[in-house]
Structures are given as structure tokens and as C-alpha cells.
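Position in the sequence shown (first residue = 1) + 165 = my numbering. Take a look at the structure below.
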Amino acid sequence: MNSFLISKYKDVEPYVPGEQPRDKKYIKLNTNESPYPPSDRVLRAVEESAKNLQLYPDPACRDLRATLAGSLGLKPGNILPTNGSDEVLSLSFMAYAHDEKPAYYADVTYGFYDVLSGLFGVKAEHFALENDFTIDINRYCGLGSGLIVIANPNAPTGIAIGVCEIEKICKESPDCVVLIDEAYVEFGAESCVGLVQKYPNLIVSRTYSKSMSLAGARLGYAIANEERIRELETLKYTLNPYSVNRTALAAGIAAVEDIEYYRNNCRLVAKTRDKTAEKLKELGFELTDSKANFVFCRHPGVPASELSDKLRKVGILVRHFTGERTNDWLRISVGTPEDMNQLIAALAKILTTNH
Ligand SMILES: *Cc1c(COP(=O)(O)O)cnc(C)c1O
166 MNSFLISKYK
176 DVEPYVPGEQ
186 PRDKKYIKLN
196 TNESPYPPSD
206 RVLRAVEESA
216 KNLQLYPDPA
226 CRDLRATLAG
236 SLGLKPGNIL
246 PTNGSDEVLS
256 LSFMAYAHDE
266 KPAYYADVTY
276 GFYDVLSGLF
286 GVKAEHFALE
296 NDFTIDINRY
306 CGLGSGLIVI
316 ANPNAPTGIA
326 IGVCEIEKIC
336 KESPDCVVLI
346 DEAYVEFGAE
356 SCVGLVQKYP
366 NLIVSRTYSK
376 SMSLAGARLG
386 YAIANEERIR
396 ELETLKYTLN
406 PYSVNRTALA
416 AGIAAVEDIE
426 YYRNNCRLVA
436 KTRDKTAEKL
446 KELGFELTDS
456 KANFVFCRHP
466 GVPASELSDK
476 LRKVGILVRH
486 FTGERTNDWL
496 RISVGTPEDM
506 NQLIAALAKI
516 LTTNH
């Protein structure tokens, strides 16, 4: 078969999203979505925004920027709303790395970083995590120019580092842009947003997908020094000036106005995570210390792929990543307490019939 695709894209490896099955209703613990719906205020704002869908959205996202800036104690010029935080990542890889300016990130982390390196022809330098999946931050200090990318908490391990460690990296690799991906920060890690005014090389990416129950709306944002925001914004305007749609803008503002509802949900998810972790330990699982809305675990007696298949048969989806260091492990999103009771019961049954 002839291909029309130009040669530089022939070998790109696309991201493989967790499945969104249509065949029946599952307990979905495979893509780290919130188990709780958007608040009523958000639903009303979405409905209202639909009345003006014949009009383009504000490409500068001024209202959302002002709302977010107010809630973070920053200026609108420190914020760039995007189509999911994946767009912050794309723009940053485009802006700050190429074949001679590497992107530096962990060997076990969010798979999209490798996808972007492939797409943009970026030289990727993978720094191996320790055996227990903790990060040696000294590896990221004293680097030349390029882009450092750290998910904090990391995915799929959930392990977090502190703000002091991030500050050390910003300070000791001043010619690198340091991109901290805070997709899961609201579930128990410390945000480094307070450092953006002090370090012009720091970019923080945030998303509404996990903590704000808006994965389906595709909304994220970058927080950084105004100069970095202008650079990213210029690239955004070259690719897709209207990447954030009218409905997402309205939902994003209403969600911030309802922040207590979402904070409560995050607290509940964190509590459910810790309870689930205890029960998994009782079943013989080994776990990382996750500060995110998922647990990362392995069982010494049963391969992760087998557990994942057997859970699927009883209607529970979890995520298994093949790959040398993750093959034994399962990433399980935290659902409602009821979802997790069902998960634990199903695992207990699988483990007893296995032995
Ligand atoms: C989910 C996730 C994102 C991106 O989410 P969006 O839905 O594009 O906002 C970014 N980074 C990590 C580590 C994630 O897990």
C-alpha cells in the first residue's frame, strides 16, 4: 500500500489512551477520571454557554484567565488556558526542545512525553528512577539548556516531590525550562505555583480533567512568568487560536466559583485512596506511596496482566502498562467508596480461587 504520509511521520508512535468501552457498563478505574459529576453551577454555566455556540469563543480566554489569576494570586498574564493540559505539554515541547536541546524526564512517567519527543524530533534523555520509583533530583541539577519535565505527583506511580526540590532544580539548571506537570497535585501533593514569580524558567501545567470532573470538556492551563506565557501563547495562536471552546471556558469559570465542592471531592478521593491502599496491603499487594487519585500496586503471586483480565471479566477496568519496569504493576484509579469495595471484593475472590 502506498502511503501519502511524509517520511518524518512514518515512525511516530501515537499515545494509547485507556479504553472507553461501549459494550456494557464497567466500573471505570482505568483513566483517572473523577468518579463525581460536575457541580450544578457548572452544568448551568454549560447550558447557558450553549446559547451562543454560533459565536467563536474569546481566543484570549480573558474571563477564565482573570478568574484563575484571582484564585492563584497571580496576574492574567501568568496564565494560559489550553485544550487540556496536554496542549501545555505540546506547546512546551515545541517551544523549548529539539534534536540538540534535549527533553529530560524519568524513564517511568507519563507516556505522552515520549510521544511528543517523537512527533517534534526532540532528543529525549531518560533518567532512570530508583528501584522504588523515587526520583533522584540531583540528576536534574546542573544541566545545560533544554526542557526538564517532571510530573508531580508522578504518573503512574503517584509519588510526589516537595517544592524545595523543585526550587533546587530551577535554581541549579537555570538555562533549562522546568515544566512541572501538576495534573494530580490537588489530591495530596504540594503545588510549586508559588515559585513562578521567582523563577522565569518554571512552567506549571494544570488540568481540569482529574480534580475538577471535566475530563470531557478538555481544559487545562499553564502558569508561568509572563514572558514564558507569551511564548507559549504565540505558538498556540499559530496552531489553533480557538483551542479552548466556549463551553469549556464557561465550565472552567463556574468550577473555580464552586471550588469548595471540588475540594471536598478531592478530600474524599484521597481518603478513599488511603483506605483502598490499606485493604490492598491486607490482600498481599505492594504499593507505592501515591498522592494522586490512583494507586499503583503489584501482587507477588499473580501477574498484573492476569489480574487486569480477570477484573475486566467481572466488569472492572484498571490500567496495565507493559514495559520493563511497569509490567508487574497495575494502576487503579480511585472511584467512589462503593466502587472500591467492589474492586477489593473482586480481587479477594480472584486471589483465593487462584491458590
Ligand atoms: C491526565 C494527565 C495529563 C493531561 O490531562 P488533560 O486531560 O490533557 O488535561 C497530563 N499529565 C499527566 C501526568 C496526566 O496524567
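Glycine is no exception: its CB is placed at the ideal position from the N, C-alpha and C atoms. If you're wondering where the values come from, they're calculated on a predicted model, not measured in any experiment.
- Placement of the Cβ of Ala-316 at a distance of less than 7 Å from at least one heavy atom of ligand 1 is found.
- Within the DSSP secondary-structure output, Glu-451 pairs in a beta bridge with Arg-463.
- Taking a cut-off of 8 Å for Cβ pairs, the stretch 356–370 and the stretch 322–335 touch, as three or more such pairs fall below it.
- When the beta-carbon positions are compared, Ser-250 and Leu-344 stay at least 8 Å from each other.
- In the DSSP assignment, Phe-277 falls within the alpha helix (DSSP H) that extends over 277–285.
- At a threshold of 7 Å, Tyr-269 does not count as near ligand 1, since its beta carbon sits no closer than that to any of the ligand's heavy atoms.
- With respect to Lys-288, Glu-265 sits close: the two C-beta atoms are nearer than 8 Å.
- Val-177 is classed as exposed because its beta carbon has fewer than 16 other beta carbons within 10 Å across all chains shown.
- Annotation for Ala-271: the continuous beta strand (DSSP E) segment containing it runs 268–271.
- Annotated three-state conformation of Glu-252 is helix, per DSSP.
- DSSP places Leu-445 in the helix class (H, G or I) of the three-state scheme.
- Ligand 1 has a heavy atom closer than 7 Å to the beta-carbon of Ser-374.
- The beta carbons of Pro-241 and Ala-231 sit about 5 Å from each other, so the pair counts as a contact at 8 Å.
- If you keep only unbroken alpha helix (DSSP H) runs of at least 4 residues inside the stretch 352–423, you get 391–404 and 411–422.
- Our two residues, Gly-235 and Gln-185, have alpha carbons roughly 35 Å apart in a direct line.
- With a cut-off of 7 Å, the C-beta of Asp-423 is classified as distant from ligand 1, since no heavy atom of the ligand falls inside that distance.
- Not one heavy atom of ligand 1 falls within 7 Å of the beta-carbon of Asn-195.
- Taking Ala-325 as the centre and dropping the five residues before and after it, the same chain places the C-beta of Asn-317, Pro-318, Ala-354 and Lys-456 closer than 6 Å to its C-beta, in chain order.
- Phe-258 carries a helical assignment under DSSP once its states are collapsed to helix, strand and coil.
- The beta carbon of Ala-442 sits closer than 6 Å to the beta carbons of Leu-452 and Val-460 from its chain, once the five residues preceding and following it are set aside; these are given in chain order.
- The beta carbon of Asp-474 is closer than 6 Å to none in its chain, skipping five residues each way along the sequence.
- In terms of Cβ geometry, Ile-192 and Ile-481 form a close pair [threshold 8 Å].
- In this structure, the straight-line span from the alpha carbon of Tyr-269 to that of Ala-293 is close to 11 Å.
- For Ala-380, the shortest separation between its Cβ and any heavy atom of ligand 1 lies below 7 Å.
- Under the 8 Å Cβ criterion, the stretch 300–318 does not count as touching the stretch 415–430, having fewer than three qualifying pairs.
- Considering only Asp-301, Thr-274 and Cys-335, the residue with the shortest C-alpha distance to Gly-309 is Cys-335.
- Take the alpha-carbon of Pro-182 and the one of Thr-196: they are about 8 Å apart.
- Pairing Asn-390 with Val-434 gives a Cβ-Cβ distance that is not under 8 Å.
- For Gly-249, the distance from the CB to the nearest heavy atom of ligand 1 is below 7 Å.
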